[in-house]
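Since the structure comes first, as structure tokens, the remarks are kept for the end.
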Amino acid sequence: MRPHVDQRQAQVFALVQERGSVRVAELAHELGVSPVTLRRDIEAMAARGEIQRMHGVISRVPEGRAQGAGPVRVPTGAPAPGVSGRPAVAGGAGEGLVIGMVVPTTEYYYADIVRGAREAVEARGARLTVGLTRYLPGEDRTQADRLLSTGAHGLLLTPNWEAGSPGAGEGAWTAELPVPTVLVERWAPPGHPAAALDRVSSDHAHGAAGAVQHLSAAGHLRIALASRTTPTTARLRAGYEAAVTALGLEPAPPWPPAGPAPLTDAELFARTLDYLYEAVTKDGVTAALIHSDTDAIMLIPRLQARGVRVPEDLAVITYDDEVAGMADVPLSAVAPAKHEVGARAAGLLLDRLSSTAAAGTAQEPPRQHLDLLPRLTIRP
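Just so you know, my numbering puts 64 at position 79 of the sequence shown, and the rest follows in order with no gaps.
In structure tokens, the structure reads:
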């Protein structure tokens, strides 16, 4: 029976070399063998250093790790390592590496993040490939698997977590990926499996607090935050509320509660407009932090049409600073360091890949959580 075992394991090895990573359940179905039989093969192959396994997925052994572990046995009939599949890690410098990046879009906020990552990757001789999710449920994992199957050595991930961090039971798969992974503009709470991943994000709480501090210093005693629900909102509100408390300001009226049915974009915009109008005319609010620039540019003329003067009755600072400077009256804005977030995330991932590939590395470097501070730009 041994020849059949060798032949099957050679087939497994060849498929992993070709695709980069494979789910065990899918592979068992494809090969027409039972999961128990395939798991025995995988255990034997992993023990010999031929493949890497992790939580239902098997993948190629990174070139540098295989070199550090001694010779790798290639099953009879399987192609030799390097003939097909991922390029080798060259000297830890990044040359020949492929970095996969999963983002919701390459437009608006993420355009600068992707640009920063691409420039950092290419500066070190590596190549960036991008997968887009368009915020579709489950698409982030689909795109990550696709990038792994085409040979990505590491991943930069911005998962579709509505609050910026995963809910209960969500996102554990990000910690089970077979390659080094860095979260970009996402974070996981302590105790969550993804909390142990490297992370680079903007400190949105600091950015919101800085806007409140500036408005308070200008004499405003009641300041509102107007933000639709996005992955950024929870951090903005945390920073805003902390600054209001620390400065002893009077809290703004609470944001109107959500109804039983989801609102359309037009309904959300109308709700924000009504909230700000009533906050100024009935509740003594004289300043607001509005997320985002595009909402602010649309809201201001509608507030003015209702008799609310900007900035005389309502001073405005926007968040994102994508188009705030292009408004008919340029708006002050908080700008996250988007380009730098992408560049730092890519550099962190390349450094981790290089340290993994370096011969004689005794211990993996500690994981890092980097929070970059946004910048407040005051425009007259």
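We put the beta carbon where it would ideally sit given N, CA and C, even for glycine.
In this text, all values refer to a predicted model and were calculated from it rather than measured experimentally.
message = Just to confirm the assignment, what range does the beta strand (DSSP E) spanning Met86 have?
response = Segment 83 to 88, the beta strand (DSSP E) holding Met86.
ask   = Does the Cβ of Leu82 have 16 or more other Cβ atoms within 10 Å, making it buried, or fewer, making it exposed?
value = buried
ask   = Do you know how far the Cα of Val46 is from the Cα of Glu161?
value = 15 Å
Between the CA atoms of Glu107 and Leu113 - distance to the nearest angstrom = Answer to the nearest angstrom: the Cα atoms are 8 Å apart.
key: Ser339, DSSP secondary structure in three states   = Here Ser339 sits in helix by DSSP.
request  = Please name the residue, chosen from Asp313, Leu299, Val319, Glu297, that lies closest to Asp305 on a Cα-to-Cα basis.
outcome  = Val319
key: Counted within 10 angstroms of its Cβ, other Cβ atoms place Met30 as buried (16 or more) or exposed   = Counting of Cβ neighbours within 10 angstroms places Met30 among the buried residues, the total reaching 16 or more.
Pairwise C-alpha distance: Asp268 and Arg337 = 52 Å
query = Helix, strand or coil: how does DSSP classify Pro350 here?
reply = coil
ask   = Using the rule of at least 16 other Cβ atoms within 10 Å of the residue's Cβ for burial, across every protein chain shown, is Pro151 buried or exposed?
value = buried
ask   = In angstroms, rounded to a whole number, what distance separates the CA positions of Val7 and Thr217?
value = 34 Å
ask   = Which residues in the same chain have their Cβ closer than 6 Å to the Cβ of Thr214, if we skip the five residues on either side of it in sequence?
value = For Thr214, same chain residues with a beta-carbon under 6 Å away, outside a window of 5 residues either side, do not exist.
task = Would you decide whether Tyr120 is buried or exposed? Buried here means 16 or more other CB atoms lie within 10 Å of its CB.
result = exposed
request  = Please classify Ser201: does DSSP put it in a helix, a strand, or coil?
outcome  = helix
task = Determine the burial state of Arg372: buried for a count of at least 16 other Cβ atoms within 10 Å of its Cβ, exposed for fewer.
result = One cannot answer for residue 372 here, as it falls past the ends of the chain, which runs -14 to 365.
ask   = What are the partner residues of Tyr304, as DSSP defines its beta bridges?
value = His276, Val319
ask   = Between Leu232 and Ala179, what straight-line distance do the alpha-carbon atoms span, to the nearest angstrom?
value = 34 Å
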